[in-house]
């Protein structure tokens with residue numbers, strides 16, 4: 218395994234006497250390279266090289282399945298970009314992602330503000346916070362089976378909606394074309410908001426309380442306070458959380474794969490399930506690689522915004 | 010007087026309002042989990058009983074017994090533990106070495122290596138999946154622990170390095186320079202001086218690493234083939250793939266599969282939240 222070097226390094230270098238020297242790197246110039254070697258090997262071998270491979274795959278025809286793939290230039294890109302299923306997946310990914318991120322943010326801010334309110338006593342605050350964090354404990358695979366149980370036509374959610382008179386008949390939420398995308402989005406909202414909430418709770422602790430005092434003296438109501446004190450103070454966190462969430466949600470695979478598999482009839486097909494199926498269901502590895510490269514480009518686009526924001530934030 | 014009373018009433022109305030809102034929120038957050046718990050104690054015949062009850066006459070530990078006496082399902086847990094614990098140890102060791110170098114040395118290529126490490130975090134897993142499949146088959150690591158461990162180490166390493174570098178940067182250099190004056194080698198400085206004071210950072214990175222490895226599904230699905238190498242998230246889905254859904258056992262297994270993360274979270278809550286918040290704000 219490539220992961221053994223650190224141990225060897227540790228054993229092979231007993232505590233040698235060395236004279237004091239402020240310029241550490243100069244004494245044994247190879248030392249930093251030795252210590253960083255495992256990282257460089259792993260990241261180069263299993264991150265950089267695979268990215269190069271996938272880009273190369275996307276430029277050839279019949280890779281993996283054929284011994285002598287043909288170089289086809291950008292032909293695979295033209296095929297993918299002309300595939301209505303690809304654009305269907307893009308559309309679903311955008312709806313799924315934008316709805317998830319926006320509602321994560323709203324719920325995250327709302328819950329964080331409620332938990333942070335001075336009106337709530339200490340013990341209930343701790344209890345509610347524990348309950349609100351709960352969904353975050355469960356991995357997507359578990360979340361998927363749980364919500365399949367809840368959303369089953371004879372499941373408890375359909376029962377409650379009928380008992381409350383909202384529905385006349387049970388709806389197979391995940392199996393109905395009109396509701397499936399809504400259903401997986403709700404599931405993703407449930408499983409993802411705690412991350413926003415936790416970060417915002419930490420952020421709220423950092424808002425100086427004299428800002429609130431000052432705005433109260435100026436006669437600002439709760440709503441004014443929220444928009445003129447809380448929101449501006451949280452803006453940097455909100456912005457970077459939203460970008461991270463955007464990045465992760467566009468890549469969501471497990472939740473959709475394990476609830477609907479992209480169905481019914483492609484109604485919840487997102488870019489990751491579309492790509493996975495191209496590769497491992499229809500063995501079109503070239504087209505799958507092409508789609509994977511397009512997802513990479515989209516992710517890098519978001520990531521650049523994220524890095525820019527981080528740089529700007531660290532100036533203050 | 011009357012103003013004081015009015016503000017107090019206003020305050021109480023606000024309090025009632027906020028508690029009501031908190032309860033509604035708690036229903037949304039907690040009810041699904043409560044339902045998972047209750048279903049894991051029912052008989053499979055009563056899962057969809059009408060009207061649904063939280064706990065009914067079929068309440069028993071039978072679903073848990075069924076999961077915990079099935080060697081295949083036990084195997085999923087063993088595999089998950091082997092993989093996750095190995096990943097935590099390997100990632101921490103490699104990340105400590107790298108973070109030490111980033112924090113305490115100047116060398117050529119430092120900034121480019123750093124940029125690459127930060128940059129690869131943006132690479133979507135699905136992009137890596139196809140080449141990984143080929144690489145693992147080529148290295149004869151398909152359907153092995155080593156293949157999964159290697160994969161997760163690479164996924165968790167960048168974050169671990171960034172967090173540990175930030176942690177080391179926050180420690181005064183005088184700390185290790187004093188030891189160097191006494192003639193200690195760099196690894197001994199790292200191990201004896203820096204590591205002991207970096208435990209909170211290591212715990213937070215270790216927890217994150219454990220969670221990623223314990224929860225990962227896509228690569229576990231693609232890079233393993235037989236039950237003796239499959240992990241819990243894949244095992245749960247396999248249970249669902251069978252013709253007659255044993256909902257109660259699936260829920261019991263989901264609960265059991267979530268316990269490690271829950272326990273770690275309860276013990277190390279402070280590190281978890283601190284690490285998460287720090288990661289979100291400035292990683």
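Residue numbers (the working numbering), protein chains in the order written: chain H, 218 to 533; chain B, 10 to 292. Ideal Cβ positions, reconstructed from N, Cα and C, are used throughout, including at glycine. These numbers were taken from a predicted model, which means no experiment stands behind them.
How would you list, in chain order, the residues of chain H whose beta-carbon sits under 9 angstroms from the beta-carbon of residue i?
i, result
"residue 60 of chain B", "376, 380"
"residue 27 of chain B", "331, 334, 336, 337"
Given this structure, state the Cα-to-Cα distance separating residue i from residue j, to the nearest angstrom.
i, j, result
"residue 197 of chain B", "residue 185 of chain B", "10 angstroms"
"residue 63 of chain B", "residue 224 of chain B", "28 angstroms"
"residue 187 of chain B", "residue 252 of chain H", "21 angstroms"
"residue 243 of chain H", "residue 461 of chain H", "Note that residue 243 of chain H scores a pLDDT of 47, beneath 50, so its modelled location is shaky; the value from the coordinates is reported in the next line. Approximately 39 angstroms, taken between the alpha carbons."
"residue 333 of chain H", "residue 440 of chain H", "15 angstroms"
"residue 508 of chain H", "residue 397 of chain H", "24 angstroms"
"residue 281 of chain H", "residue 294 of chain H", "18 angstroms"
"residue 216 of chain B", "residue 345 of chain H", "23 angstroms"
"residue 32 of chain B", "residue 124 of chain B", "45 angstroms"
"residue 169 of chain B", "residue 210 of chain B", "9 angstroms"
"residue 23 of chain B", "residue 383 of chain H", "30 angstroms"
"residue 492 of chain H", "residue 506 of chain H", "8 angstroms"
"residue 114 of chain B", "residue 249 of chain H", "7 angstroms"
"residue 529 of chain H", "residue 424 of chain H", "19 angstroms"
"residue 79 of chain B", "residue 90 of chain B", "17 angstroms"
"residue 68 of chain B", "residue 485 of chain H", "36 angstroms"
"residue 256 of chain B", "residue 360 of chain H", "14 angstroms"
"residue 263 of chain B", "residue 445 of chain H", "44 angstroms"
"residue 377 of chain H", "residue 56 of chain B", "15 angstroms"
"residue 147 of chain B", "residue 48 of chain B", "44 angstroms"
"residue 261 of chain H", "residue 131 of chain B", "15 angstroms"
"residue 478 of chain H", "residue 490 of chain H", "7 angstroms"
"residue 238 of chain H", "residue 194 of chain B", "Note that residue 238 of chain H scores 46 on pLDDT, short of 50, meaning its location in the model is unreliable; the coordinates nonetheless yield the value given after this. Roughly 12 angstroms between the two C-alpha positions."
"residue 221 of chain B", "residue 455 of chain H", "23 angstroms"
"residue 469 of chain H", "residue 272 of chain H", "21 angstroms"
"residue 228 of chain B", "residue 17 of chain B", "57 angstroms"
"residue 496 of chain H", "residue 203 of chain B", "46 angstroms"
"residue 387 of chain H", "residue 379 of chain H", "7 angstroms"
"residue 324 of chain H", "residue 171 of chain B", "29 angstroms"
What residues from chain H crowd round residue i, counting only those whose CB sits closer than 7 angstroms?
i, result
"residue 246 of chain B", "358, 475"
"residue 266 of chain B", "359"
"residue 141 of chain B", "267"
"residue 216 of chain B", "In chain order: nothing, as chain H lies at least about 12 angstroms away."
Kindly identify the DSSP beta-bridge partner or partners of residue i.
i, result
"residue 287 of chain H", "H:278"
Taking residue i as the query, report the chain H residues whose CB atoms sit under 8 angstroms from its CB, ordered along the chain.
i, result
"residue 260 of chain B", "362, 363, 366"
"residue 20 of chain B", "336"
"residue 255 of chain B", "Neighbours of residue 255 of chain B on chain H: none; closest Cβ ~11 angstroms, over 8 angstroms."
"residue 224 of chain B", "356, 357, 358"
"residue 170 of chain B", "256"
The alpha helix (DSSP H) that contains residue i, what's its start and end?
i, result
"residue 258 of chain B", "256-276"
"residue 222 of chain B", "208-224"
"residue 248 of chain H", "248-260"
"residue 71 of chain B", "71-77"
"residue 50 of chain B", "First-last for residue 50 of chain B: undefined, no H or E at that position."
"residue 265 of chain H", "Note, residue 265 of chain H: premise wrong, no alpha helix (DSSP H); not H, not E."
"residue 298 of chain H", "292-298"
"residue 492 of chain H", "488-497"
"residue 123 of chain B", "119-128"
"residue 113 of chain B", "80-113"
"residue 469 of chain H", "That residue, residue 469 of chain H, is in no alpha helix (DSSP H); it is neither H nor E in DSSP."
"residue 361 of chain H", "357-367"
"residue 64 of chain B", "From DSSP, residue 64 of chain B is part of no alpha helix (DSSP H); its letter is neither H nor E."
"residue 501 of chain H", "Taken as a continuous stretch (DSSP letters only), residue 501 of chain H belongs to no alpha helix (DSSP H), as it is neither H nor E."
Check the Cβ of residue i against every Cβ in chain B and list those closer than 8 angstroms, keeping chain order.
i, result
"residue 468 of chain H", "133, 134, 135"
"residue 369 of chain H", "57"
"residue 296 of chain H", "Ordered by position in chain B, no residue passes the 8 angstroms Cβ test against residue 296 of chain H, which lies about 16 angstroms from the chain."
Shorter than 6 angstroms, the distance from the beta carbon of residue i to the closest heavy atom of the ligand ZN, or not?
i, result
"residue 341 of chain H", "The model on display carries no ligand, and the ligand ZN is accordingly not part of it."
Which chain B residues are close to residue i, counting only those with a beta carbon under 7 angstroms from its beta carbon?
i, result
"residue 248 of chain H", "195"
- Complete alpha helix (DSSP H) runs within the region 147-187 of chain B (minimum length 4 residues, chain order): If we require 4 residues or more, the alpha helix (DSSP H) runs fully inside the region 147-187 of chain B come out as 154-178.
- What are the uninterrupted segments assigned as alpha helix (DSSP H) that are 4 or more residues long and contained completely in the region 385-461 of chain H, given in chain order? Within the region 385-461 of chain H, the complete alpha helix (DSSP H) runs of at least 4 residues are 394-422, 426-434, 439-442.
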